[in-house]
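Data block below; observations after.
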Amino acid sequence: MAGVILLGLWLLMSGIYKPLMIGFALGSVLVVLFVGWRMDRVDGDKVQMRLRPFGFVGYILWLLVEIGRANWIVTKIILSRKMPIRQHLFAVPYSQNTDLGQVIFANSITLTPGTITVETEPGSLLVHALAYSPEDMAALADMDRRVSITESTTESVSTDEGGA
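FYI, in the working numbering the residues of the sequence shown are 189 to 352.
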């Protein structure tokens with residue numbers, strides 16, 4: 189099933205349906221499936237990653253709006269004659285229970301123009317902001333809350349197959 193999805197995605201994104209391109213697509217999908225299979229054999233720990241689909245779609249739409257707002261703010265700062273840059277490194281606590289939730293939160297911060305996640309620590313992320321203001325903490329707390337809502341309960345399952 190994963191191979192069919194990957195092949196369909198490749199063909200959809202490339203938009204070229206010549207035999208050579210379809211051959212490249214099949215070859216790439218087979219390599220990805222093989223590497224994934226090998227990784228599963230070497231590392232028996234599995235994490236069931238589940239998100240609430242409608243909550244995640246809503247979060248993505250909200251994030252796109254926030255990225256647009258941040259783009260506008262950064263554009264105004266860059267085009268300003270005074271260029272009011274207030275760089276700041278600060279810790280942002282997170283409430284996600286899963287690695288996937290933490291990755292989504294950290295990447296969402298990095299996707300937002302003017303901010304980047306520099307480091308992850310237990311319980312918090314180190315973030316650099318181009319134009320820091322105290323309101324940023326409230327906005328990041330809201331982002332943290334929204335990411336946590338998209339998470340559903342996950343459990344780590346160990347499947348020891350005796351190595352590869």
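A virtual CB, placed ideally from N, CA and C, is assigned to each residue, including glycine. These numbers come from a predicted model, not from an experiment.
> Any idea what DSSP makes of L267, helix, strand or coil?
Replying inline: Here residue 267 corresponds to residue number 79 of the sequence shown, with the count starting at 1. In the three-state reduction of the DSSP assignment, L267 falls in the helix class, which pools H, G and I.
> What distance in whole Å lies between the Cβ atoms of H316 and L277, which are believed to be in contact at a cut-off of 8 Å?
Replying inline: Position 89 of the sequence shown, counted from the first residue, corresponds to residue 277. Position 128 of the sequence shown, counted from the first residue, corresponds to residue 316. The C-beta separation of L277 from H316 comes to about 5 Å, placing the pair in contact by the 8 Å criterion.
> Alpha carbon to alpha carbon, how far is G289 from S336?
Replying inline: Counting from 1 along the sequence shown, the entry for residue 289 is found at position 101. Counting from 1 along the sequence shown, the entry for residue 336 is found at position 148. Looking at the two C-alpha atoms, the distance is approximately 7 Å.
> Would you call the stretch 242-262 and the stretch 195-211 in contact, with 3 or more CB pairs under 8 Å?
Replying inline: No, the stretch 242-262 does not touch the stretch 195-211.
> Ordered along the chain, which non-local residues of its own chain (more than five positions away) have a Cβ less than 8 Å from that of L328?
Replying inline: Counting from 1 along the sequence shown, the entry for residue 328 is found at position 140. The beta carbon of L328 sits closer than 8 Å to those of V280, I297 and V315, all from its chain and outside the five residues before and after it, given in chain order.
> DSSP three-state call for S336: helix, strand or coil?
Replying inline: Translated into the one-based positions of the sequence shown, residue 336 becomes position 148. Helix, per DSSP.
> Mapping DSSP to helix, strand and coil, what is L239?
Replying inline: As a working mapping, residue 239 is identified with position 51 in the sequence shown. The answer is strand: DSSP assigns L239 an E or B state.
>> If you reduce the DSSP assignment to three classes, tell me which class S321 lands in.
In response: Against the sequence shown, residue 321 aligns to sequence position 133. Assigned with DSSP and collapsed to three states, S321 falls in coil, not helix or strand.
> Thinking C-beta only, is E323 closer than 9 Å to T286?
Replying inline: For the purposes of this step, residue 286 is taken as the residue at position 98 of the sequence shown. For the purposes of this step, residue 323 is taken as the residue at position 135 of the sequence shown. No, they are not a contact pair.
> Where does S312 sit, in a helix, a strand or coil, going by DSSP?
Replying inline: Indexing the sequence shown from 1 puts residue 312 at position 124. Strand at S312.
>> Tell me which residue opens and which closes the alpha helix (DSSP H) that I193 is part of.
In response: As a working note, residue 193 is residue 5 in the sequence shown. It spans A190 to S202 - the alpha helix (DSSP H) in which I193 sits, taken as one unbroken run.
> Does DSSP put T305 in a helix, a strand or coil?
Replying inline: The sequence position of residue 305 within the sequence shown is 117, counting from 1. Per DSSP, reduced to three states, the secondary structure at T305 is strand.
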